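Enquirer:
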Amino acid sequence: MALVAIKMFVNYNNIEIAIEQTIDQSLSKQQELAFAENFQLNYERSEYSQLFLKHENNMLMPGEFIIKFQTLSKIDTGEIERIENKETFITNPEQSWKQFFYERLYKTN
Numbered sequence: 022m023a024l025v026a027i028k029m030f031v032n033y034n035n036i037e038i039a040i041e042q043t044i045d046q047s048l049s050k051q052q053e054l055a056f057a058e059n060f061q062l063n064y065e066r067s068e069y070s071q072l073f074l075k076h077e078n079n080m081l082m083p084g085e086f087i088i089k090f091q092t093l094s095k096i097d098t099g100e101i102e103r104i105e106n107k108e109t110f111i112t113n114p115e116q117s118w119k120q121f122f123y124e125r126l127y128k129t130n
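Read in order, the letters of the sequence shown correspond to residues 22 to 130 in my numbering.
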């Protein structure tokens with residue numbers, strides 16, 4: 022008798038689990054259908070769908086360009102120290118030309 026009761030209890034639990042799984046699958050399918058009806062179909066029918074699909078596939082439209090960002094190389098710390106240690110700075114265009122030619126002559130020699 023106890024064996025029959027255990028079998029009935031196991032069968033009952035299996036039925037309950039199967040019902041819960043069926044309900045979960047049904048809700049999942051309903052959500053997928055609602056997504057397709059409310060968003061996906063409208064998206065695919067819109068005039069911008071080709072634009073979005075091309076961008077998703079990395080295809081450029083006429084007049085579009087790819088922009089590449091690069092990091093700048095590090096500045097030599099010796100240059101910064103050399104600028105910080107200067108006692109006088111260029112204050113007018115004449116001094117800048119003199120400094121320019123001085124640095125060119127100094128670096129070439």
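By construction, the Cβ of each residue, glycine as well, lies at the ideal position given by its N, Cα and C atoms.
Computed from a predicted model, the values in this text were never measured in an experiment.
Tell me the residue span of the alpha helix (DSSP H) that contains Gln42.
Expert: Ala23 to Phe56
Enquirer: Which residues bound the alpha helix (DSSP H) around Asn113?
Expert: Segment: none, Asn113 is in no alpha helix (DSSP H) and carries neither H nor E.
Enquirer: Counting only the same chain and skipping the five closest in sequence on each side, list residues whose C-beta sits under 8 Å from that of Ser70.
Expert: The residues are Tyr64.
Enquirer: Could you have a look at Asn78 and say whether DSSP puts it in helix, strand or coil?
Expert: For Asn78, the secondary structure class from DSSP, reduced to helix, strand or coil, is coil.
Enquirer: Please look up how many angstroms separate the CB atoms of Ala82 and Leu74, rounded, as I've assumed it's under 8 Å.
Expert: Before going further, note that residue 82 is Met rather than Ala in the sequence given. So it is not a contact: roughly 11 Å between Cβ atoms.
Enquirer: Just the Cα atoms here: how many angstroms apart are Phe30 and His76?
Expert: 57 Å
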